[in-house]
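Residue numbers (our numbering): 2 to 162. Just so it is clear, CB atoms sit at the ideal spot from N, CA and C, and this is done for glycine as well. Have a look at the structure below, then the notes.
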């Protein structure tokens, strides 16, 4: 059963970085930043540093899905939504990286629902394209106004080929 975009818990079709505070009951942390490769091979762009705890750990907001590890089909990867980050900045993490996030993992396994990974990845690509277009428009506007423009971290590589 696929998760419906109309479903309140669905990350699909979110227009911005907003999230529901009701969906943030967990306080689990993880040491690696949200920038891992997805099992599909796409890489998430960099993100702001303000979602890290003082000791450099990132907080797991929710585990969205799981899939076989493309490098080791006997192992699983988990799609992690990080607190303070957009759904489209979610990353694929191996189980060993979630050792400090047992509550989020237990909740996911208890309530696991089919998650449409392909639809999520498509929406993520569209979101990244939109972010790139928005950054280009902001640069053009700043240039036309003769002001200095500073590219947000993670967006600076979007225009390169």
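Integer-rounded CB distance, given that residue j should sit under 8 Å from residue i
{"i": "residue 91", "j": "residue 108", "result": "About 16 Å; that fails the 8 Å criterion."}
Boundaries of the alpha helix (DSSP H) in which residue i is found, first to last residue
{"i": "residue 107", "result": "103–112"}
Helix, strand or coil at residue i according to DSSP, with G and I counted as helix
{"i": "residue 59", "result": "strand"}
{"i": "residue 84", "result": "coil"}
{"i": "residue 100", "result": "coil"}
{"i": "residue 31", "result": "Legend: pLDDT at residue 31 = 47, less than 50; position of this residue unreliable, no value from coordinates given."}
{"i": "residue 116", "result": "coil"}
{"i": "residue 148", "result": "coil"}
{"i": "residue 126", "result": "helix"}
{"i": "residue 142", "result": "helix"}
Chain-order list of residues whose beta-carbon lies under 6 Å from that of residue i (same chain, five-residue window excluded)
{"i": "residue 67", "result": "77 and 79"}
{"i": "residue 89", "result": "125 and 128"}
{"i": "residue 74", "result": "none"}
Other residues of its chain near residue i: CB distance less than 7 Å, five sequence neighbours each side excluded
{"i": "residue 138", "result": "none"}
{"i": "residue 111", "result": "none"}
Extent of the continuous beta strand (DSSP E) to which residue i belongs
{"i": "residue 94", "result": "92–95"}
Other residues of its chain near residue i: CB distance less than 8 Å, five sequence neighbours each side excluded
{"i": "residue 70", "result": "40, 76, 77, 78 and 95"}
{"i": "residue 22", "result": "Its pLDDT being 38, under 50, residue 22 is placed unreliably by the model, and nothing is read from it."}
Next on the checklist: Contact between the segment 113–126 and the segment 92–102 is defined here as three or more beta-carbon pairs at a separation below 8 Å; is this criterion met?
Outcome noted: No, they do not touch.
Checklist entry - How do the segment 84–95 and the segment 54–71 stand: do at least 3 beta-carbon pairs fall below 8 Å, yes or no? => result yes
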